[in-house]
DNA sequence: ATGGCTGCTTTGAGCAGA
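Residue numbers (our numbering): 3 to 262.
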């Protein structure tokens, strides 16, 4: 089973890239973030023609998450459920969607960016991460086989940042963000990318500015975490950099996990 | 050097992303 995650930075613009990637890679599951579309604009028909069922929760301009699957999806959940939700504003920010696929709980998230460590958005990011962690703790009891895929907006370690010295204390790498990532790990989740040997300076996002991609000035902020029950089933994990080289690319590129 | 791109928005300067 092949699962992937990709922040497409507007599905309206990137749909051709997504369809090409589905055709070339034939994943069982592809999680998307930043669709930036209301549900009425979501391309259900084009994806169905490509062989994929889809569930989506979106909004205009910002956020928006989707799960595409070649298999049946059940138990679809929108957002961080029930009493674990962040606050009233979370109702408006479409950042999480989940489904059961082939007996696995697939959770797709677009974690808050946070903008700057001294901002209100950063405070919201930390609250959102706490709510996500609390919710996942109960999800894992119900669904021991769980995969958490998405744009985390956190580079977990210095080796996930192109220039750690220049970024010390900044957004994406600040100690509280990294501690929040470790709290997810402490639930019994594993960073699937690090279960395998990887090239140094492997990243999933590069700034559009300053020729970031060509100079490999990037960050690894898109992740696929797997629960204990799935750890031994992982057979490969990698980043596909090719879509970042396309005309009018997303600034993120797909991250992939293969399960036996 | 706090900009640099890109996408979006009651169309055009400003926000947000990371």
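No residue lacks a Cβ here, since even glycine has one placed at the ideal position from N, Cα and C.
The beta strand (DSSP E) spanning residue i covers which residue range?
i           : result
residue 111 : 106–112
residue 148 : 148–153
residue 260 : 257–261
Could you tell me the boundaries of the alpha helix (DSSP H) in which residue i lies?
i           : result
residue 4   : Not the alpha helix (DSSP H): residue 4 falls in the beta strand (DSSP E), residues 4–9.
residue 126 : 122–144
residue 13  : 13–27
residue 187 : 177–188
residue 59  : Residue 59 -> not in any alpha helix (DSSP H); beta strand (DSSP E) instead, spanning 55–59.
State the Cα-Cα distance for the pair residue i and residue j, rounded to the nearest angstrom.
i           : j           : result
residue 181 : residue 131 : 10 Å
residue 50  : residue 56  : 8 Å
residue 83  : residue 153 : 19 Å
residue 95  : residue 201 : 35 Å
residue 105 : residue 70  : 16 Å
residue 10  : residue 44  : 13 Å
residue 54  : residue 249 : 25 Å
residue 199 : residue 236 : 13 Å
residue 117 : residue 78  : 30 Å
Write down the C-beta distance between residue i and residue j rounded to the nearest angstrom, noting that I regard them as a contact closer than 8 Å.
i           : j           : result
residue 228 : residue 254 : In fact, because the Cβ distance is near 20 Å, the residues do not count as touching under 8 Å.
residue 138 : residue 189 : 6 Å
residue 195 : residue 173 : The Cβ separation is near 21 Å, so there is no contact.
residue 111 : residue 97  : 6 Å
residue 16  : residue 52  : About 14 Å; that fails the 8 Å criterion.
residue 222 : residue 205 : 5 Å
Considering only the alpha carbon of each residue, which of the options lies closest to residue i?
i           : options               : result
residue 149 : 9, 249, 109 and 251   : 109
residue 211 : 203, 252, 103 and 237 : 252
residue 259 : 120, 224, 53 and 12   : 224
residue 81  : 8, 230, 176 and 135   : 135
residue 113 : 250, 99 and 140       : 99
residue 42  : 13, 19 and 21         : 13
residue 214 : 183, 246, 233 and 237 : 246
residue 101 : 186, 46, 187 and 141  : 141
residue 179 : 22, 119 and 76        : 119
residue 187 : 103, 208 and 230      : 230
residue 47  : 59, 117, 21 and 126   : 21
Looking at C-beta atoms only, is the number of pairs between the stretch 152–164 and the stretch 238–247 that lie closer than 8 Å three or more?
-> no
State whether the stretch 59–75 contacts the stretch 20–40, with contact taken as three or more CB pairs (one from each stretch) at a distance under 8 Å.
-> yes
Using 8 Å as the Cβ pair cut-off and three pairs as the minimum, do the stretch 165–177 and the stretch 132–152 touch?
-> no
Kindly confirm or deny that the stretch 3–10 and the stretch 25–36 touch, where touching means at least three C-beta pairs closer than 8 Å.
-> yes
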